[in-house]
Amino acid sequence: MPSSTKYDQQMGFFIDMQRCIGCHACEMACAECETNGQESMIHIHYVERAVSTQTTVQVCMHCEDPACANVCPADAISKDEFGVVHTAETSRCIGCSNCVLACPFGVPQKQEKAELMMKCNMCYDRTSAGKKPMCATVCPSQALFYGTREEIEKKRPDSVPVDTFFFGEQEVKTKVKIMMPKGSNYLKVQ
Amino acid sequence: MAKLPVSAEKIIKQYGPKKNYTPLGGFEGSNEPDRLVKTHCCFCGMQCGIQLKVKDNQIAGFEPWMEFPFNEGRLCPKGVQRYLQNNHPDRILSPLQRVEGKGFEPIDWESAMGRTVNEIKRIQSTYGNDAFAMLSGVSLTNEKSYMVGKFARLALKTKNLDYNGRLCMVSAGAGNKKAFGLDRISNSWADLKHAKVIIIAGTNISECFPTLTHYIWEARDNGAKLIVVDPRVTPIARTADLHLPVKPGRDSALFGAILKQLVDNDWLDHDFIDYHTSGFEEAIDAVKEYDLDWAEATTGIDKEKIRLAAEWWGKADTSFLLHARGIEHHTKGVDNVVSCINIVLATGRIGKPYCGYGTITGQGNGQGGREHGHKCDQLPGNRDITNPEHRKYIAEVWGVEEKEIPGKGLSAYEIIEAIHRGEIKGLISICFNPLVSLPNNNFVREALEKLEYYMCIDFFLNETARHADVIMAGSLHEEEDGTVTTAEGRVVKINQAITPPGQARKDSDILIELAQRLGAGDKFNYSKAEDIFNELRVASKGGTADYYGITYKKIEENMGIFWPCPSEDHPGTPRLWEDKKFKTPDGKAHFNAVPYREPSEVTDKEFPVTLTTGRVVSQYLSGTQTRRIGKLVDQYPEPLLEIHPSLAQQFGIKERELVRVSTRRGEAVFPAQIVETIRPDTVFIPYHWGGSQSANQLTIGTLDPVSKIPEFKVCACKLEPLKKWAAPSTDSLAFQSHETLKP
Chain L
1 MPSSTKYDQQ MGFFIDMQRC IGCHACEMAC AECETNGQES MIHIHYVERA VSTQTTVQVC
61 MHCEDPACAN VCPADAISKD EFGVVHTAET SRCIGCSNCV LACPFGVPQK QEKAELMMKC
121 NMCYDRTSAG KKPMCATVCP SQALFYGTRE EIEKKRPDSV PVDTFFFGEQ EVKTKVKIMM
181 PKGSNYLKVQ
Chain Z
1 MAKLPVSAEK IIKQYGPKKN YTPLGGFEGS NEPDRLVKTH CCFCGMQCGI QLKVKDNQIA
61 GFEPWMEFPF NEGRLCPKGV QRYLQNNHPD RILSPLQRVE GKGFEPIDWE SAMGRTVNEI
121 KRIQSTYGND AFAMLSGVSL TNEKSYMVGK FARLALKTKN LDYNGRLCMV SAGAGNKKAF
181 GLDRISNSWA DLKHAKVIII AGTNISECFP TLTHYIWEAR DNGAKLIVVD PRVTPIARTA
241 DLHLPVKPGR DSALFGAILK QLVDNDWLDH DFIDYHTSGF EEAIDAVKEY DLDWAEATTG
301 IDKEKIRLAA EWWGKADTSF LLHARGIEHH TKGVDNVVSC INIVLATGRI GKPYCGYGTI
361 TGQGNGQGGR EHGHKCDQLP GNRDITNPEH RKYIAEVWGV EEKEIPGKGL SAYEIIEAIH
421 RGEIKGLISI CFNPLVSLPN NNFVREALEK LEYYMCIDFF LNETARHADV IMAGSLHEEE
481 DGTVTTAEGR VVKINQAITP PGQARKDSDI LIELAQRLGA GDKFNYSKAE DIFNELRVAS
541 KGGTADYYGI TYKKIEENMG IFWPCPSEDH PGTPRLWEDK KFKTPDGKAH FNAVPYREPS
601 EVTDKEFPVT LTTGRVVSQY LSGTQTRRIG KLVDQYPEPL LEIHPSLAQQ FGIKERELVR
661 VSTRRGEAVF PAQIVETIRP DTVFIPYHWG GSQSANQLTI GTLDPVSKIP EFKVCACKLE
721 PLKKWAAPST DSLAFQSHET LKP
């Protein structure tokens, strides 16, 4: 990946599930990107509509040590110098679905029609040109926030960014952060 | 002859609704647009800034407009997808006429204009001028709203002109005029961010005004407590500090009880009450019996929650109260509104930084469109059509004798009733789809079928237009310049991006030619939208909604100007009432006594369940536009009956079972969606669909005596499970508004 871009390493991607209103603007805006072929790389789900209107956001967390890249037999997935984990290179991806099975967050999806894995690359075309990713740009509640850590800590004093997850005993650190109640250091996923 | 010429199915096949999707690789030229046009979303009262990509005179996509201060690029799904209307297979590309047994066929403009003018003259010479009515809408710009008002009065010479704002915020407008003598939110959204207690009553902000959600969260980050009054746990209510699940139709009881708590605990601003208000004693006398036990029994809200809401509100340093259709769509809509205003005035928290109150206008130009004269009782500048001085001023602006301006006409639903009675025989509609949006719409259909002549101006063949004799192909939001006034009172500029396709014309050009053919062409001498705006400025001068000092140039330089703005060197007024000089005759803010009364229809043995209606995030109003956009349809494909598990159990209703919902006015079948996020005594159905799955077959057409708003938000129904299960939502054709199709 080119290093002579305007990609600002101070900028981070933060998700606050509490603020998600389930409107799906992020999905629709993501799908607009010409490289996505009208498929969204971010997904909104109800947790359990029968009891609550709570929705959750599922998007690539851009792991420090990405399982998807580690298990890829074709070296199609790479992490760049800025920590962005890129979607599988079309010329290399063999459509084996190892990444789909390996990702602890269940993010990569195999596009059956194209026999390709596709996932979020943090709107590289936009972020490398100094813009925000499309989903965080449009998000009307700013459940998706793109900015500096200092900025969000100042703006949202009751919550704290967390980038450490435990899946059983396995620790996963991510570039994307989720906002949790003040005092939290990690999220344990059972 | 306003019956369907052929079956609805045949009309749908040709004119839709069909679902439009962006091609997989985007529209041609979306990566290399000829230009980006800065304008606004065509939907709700937030009027978010957006840039449209234009390629070869077509809209090819959108790009966020980061600099527009209200939304800074943020958009809801409707805003993201709004651009799909221009490149749409359903678009009406030429005038059409009804042909019995065949459907609709294209005709030329000469025929469409000639026939319409002949029918207007025939009907008016036979039955009188007022037998021809006009219905308008507030998705229209200020310029078009103003021109429709002038057109109906001077060209059509009828008093019977009204608009779809009658189904929107008229209760708030009437309540605000009673209390303040002026009808506008008191503060800009900037003040909302710093309010310490926020009450939002009857407004599903997260679905109807999604981009305002960010302001609520910013306020909460700054320490605000959020109180949500709603029968349902909407997405914004889910995280609220206090949710008051009010029984539909009992809002004034809640606010009356809160007022009594403020008085009993002396959480009052006595100086403000003494020096700047009137009517306080009468207002508190009306609520003296409304103790917490009474309030709990009447509203269905736990009394401790009511007490806590009163305490938070009473003790707050700064506050903001917002409401919308949830408290306004009632036969006591105005009562509900002034009961909210009473608690604002009692605590004196208005006309100061971070202290505000207002309605959240639903439609794109719900604010500006209700100020400039296409209401039955109003002239531009929010002037009163029955006031001799107001009439004289506008007559001078228009260059006519005062007596040439007709008097007060019927309101929207009353026009439909008069058509049904046979008193009104002809109709022109623009920007209004009453067959979906009015209550008791079987009655509306009967009325439409009695018309001798109906002409509709629209860009898509909406459900009501299926009944038209002639349809004139009009323009989309992005096909004409103009201004709109957002829900915060900010006048913003709509920029034309493309010209209307095919033989479609700008709405204003259609009205100008009709006016010329009706002999009033000299009153419609406009060559561009700015000419109309400049006349509007003069017409509004000295009125309560004074736009005189606002120019296109100023709007563009400042990203909008807040009215009132009485002179060109005036910066506009984001915050009202800082001088405490209210626009009432005595210059004071008025308390209003609100004795509680019941909704027009309450539950009984035969109809034991309360029915309420509302919106979903992916659809907008009657769906003429959003039921044609594929992804918005797919997100919520069919109207569902939201029902609490305990009520479902009582009737033996299972998830996705088909349920017949009946009221005294009609019946319809909906799939059940069993959720704990609604009161156990209430069911909810969203209203965006027409035909056999239209919720407004069930709703009641009783009106508020002052505002004439229908009571959409509460009536009585019965439920009957059919022991049959709905087909998958993904197969639903509800978006097309079939006449007989069941889910």
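Protein chains in written order, with full-length UniProt numbering: chain L, 1 to 190; chain Z, 1 to 743.
Don't be surprised by glycine CBs; every beta carbon is placed ideally from N, CA and C.
Q) Are there 16 or more other CB atoms within 10 angstroms of the CB of Asp-546(Z), so buried, or fewer, so exposed? A) buried
Q. Is the shortest distance between the beta-carbon of residue 759(Z) and the beta-carbons of chain L less than 8 Å?
A. Limits of chain Z in this structure are 1 at one end and 743 at the other, which puts residue 759(Z) out of reach.
Q. Going by Cα to Cα distance, which pick from Arg-19(L), Glu-32(L), Asn-98(L), Glu-115(L) is closest to Phe-145(L)?
A. Arg-19(L)
Q. Where Gly-49(Z) and Arg-660(Z) are concerned, what is the direct C-alpha to C-alpha distance, given to the nearest angstrom?
A. 42 Å
Q: Quickly, what does DSSP pair Asp-191(Z) with across the bridge? List them, please.
A: Partner(s): none; Asp-191(Z) has no beta bridge.
Q) What does DSSP give as the partner residues of Pro-710(Z) in its beta bridges? A) Leu-703(Z)
Q) Residues of chain Z with a CB under 7 Å from the CB of Val-47(L): which are they? A) The contacting residues do not exist; Val-47(L) stays about 11 Å from chain Z at best.
Q. How should Ser-3(L) be labelled, buried or exposed, when 16 other C-beta atoms within 10 angstroms of its C-beta is the threshold for buried?
A. Note that Ser-3(L) has pLDDT 49, beneath the 50 cutoff, so the model's placement of it is unreliable and the number below is only indicative. It is exposed - the Cβ of Ser-3(L) has fewer than 16 other Cβ atoms within 10 Å.
Q.
Taking CB distances under 8 Å as the criterion, tell me whether Gln-736(Z) reaches chain L.
A. no
Q. On the three-state DSSP scale, how would you describe Lys-654(Z)?
A. coil
Q) What residues match up with Trp-725(Z) in a beta bridge as DSSP calls it? A) Glu-657(Z)
Q) Is the Cβ of Trp-725(Z) closer than 8 Å to any Cβ of chain L? A) no
Q. With Lys-718(Z) and Ser-662(Z) assumed to form a contact (beta carbons below 8 Å), what rounded beta-carbon distance in angstroms separates them?
A. 5 Å
**Q.** Reference Ile-258(Z); option with closest CA among Pro-235(Z), Ile-284(Z), Glu-667(Z)
**A.** Ile-284(Z)
Q: Jot down the residue ranges of each uninterrupted alpha helix (DSSP H) in the UniProt domain "4Fe-4S Mo/W bis-MGD-type" (34-90) of chain Z, minimum 4 residues, whole runs only, in chain order.
A: 77-81
Q) DSSP three-state call for Ala-219(Z): helix, strand or coil? A) helix
(Q) What residue range does the alpha helix (DSSP H) around Gly-630(Z) cover? (A) 630-635
Q: Using only the heavy atoms of the ligand NAD, determine whether one of them is closer than 7 Å to the beta carbon of Ile-205(Z).
A: Because no ligand of any kind appears in the structure shown, any question about the ligand NAD cannot be addressed here.
Q: Pair every Cβ in the segment 336-344 of chain Z with every Cβ in the segment 246-256 of chain Z, then say whether three or more of these pairs are closer than 8 Å.
A: yes
Q.
I'd like the list of long-range same chain contacts for Pro-17(Z), defined as Cβ closer than 6 Å, with 5 residues on each side in sequence excluded.
A. Arg-627, Arg-628, Phe-735, Gln-736
Q | Contact belief for Cys-58(Z) with Val-492(Z) at Cβ below 8 Å, rounded distance in angstroms | A | The question names Cys, but residue 58(Z) is Gln in the sequence shown. Not quite, the Cβ-Cβ distance comes to about 24 Å (not below 8 Å), so this is no contact.
Q. By how many angstroms is the C-alpha of Lys-742(Z) removed from the C-alpha of Ser-139(Z)?
A. 31 Å
**Q.** Cβ-based neighbour list, Leu-451(Z), same chain, cut-off 7 Å, excluding 5 preceding and 5 following
**A.** Ala-2, Ile-419, Lys-425, Gly-426, Leu-427
Q | Unbroken stretches of the alpha helix (DSSP H), 4 residues or longer, contained in the segment 501-578 of chain Z | A | 507-517, 529-540, 552-558
Q: Could you tell me which of Glu-207(Z), Asp-241(Z), Glu-404(Z) sits nearest to Asp-197(Z), measuring between CA atoms?
A: According to the sequence shown, residue 197(Z) is Val rather than Asp. With distances taken between Cα atoms, Val-197(Z) lies closest to Asp-241(Z).
Q. Using the C-alpha atoms, what's the distance from Thr-141(Z) back to Glu-34(L)?
A. 33 Å
Q) What is the DSSP secondary structure of Met-41(L), reduced to helix, strand or coil? A) coil
Q | Lys-581(Z) and Gly-587(Z) closer than 8 Å at C-beta | A | yes
**Q.** Sequence-distant residues of its chain with Cβ nearer than 6 Å to Met-134(L) (five each side left out)
**A.** Ala-29, Cys-30, Cys-123
**Q.** Contact residues within the segment 1-29 of chain Z, judged by C-beta distance below 9 Å to chain L
**A.** Tyr-21, Thr-22, Pro-23, Leu-24, Gly-25, Gly-26
Q. For the putative contact between Leu-161(Z) and Ala-152(Z), defined by C-beta atoms under 8 Å, what is the C-beta separation to the nearest angstrom?
A. 4 Å
Q | C-alpha distance - Val-54(Z) paired with Asn-121(L), whole-angstrom precision | A | 27 Å
Q. If Met-147(Z) sits next to Ile-532(Z), beta carbons under 8 Å apart, how far is it from one beta carbon to the other, in whole angstroms?
A. 6 Å
Q. Is there a Cβ from chain L that is less than 8 Å from the Cβ of Gly-61(Z)?
A. yes
Q) What's the C-alpha gap between Lys-403(Z) and Ala-224(Z)? A) 54 Å
Q: Helix, strand or coil for Met-1(L), going by three-state DSSP, please let me know.
A: Caution applies to Met-1(L), whose pLDDT of 44 falls short of 50 and renders its modelled position unreliable; the model cannot decide the point.
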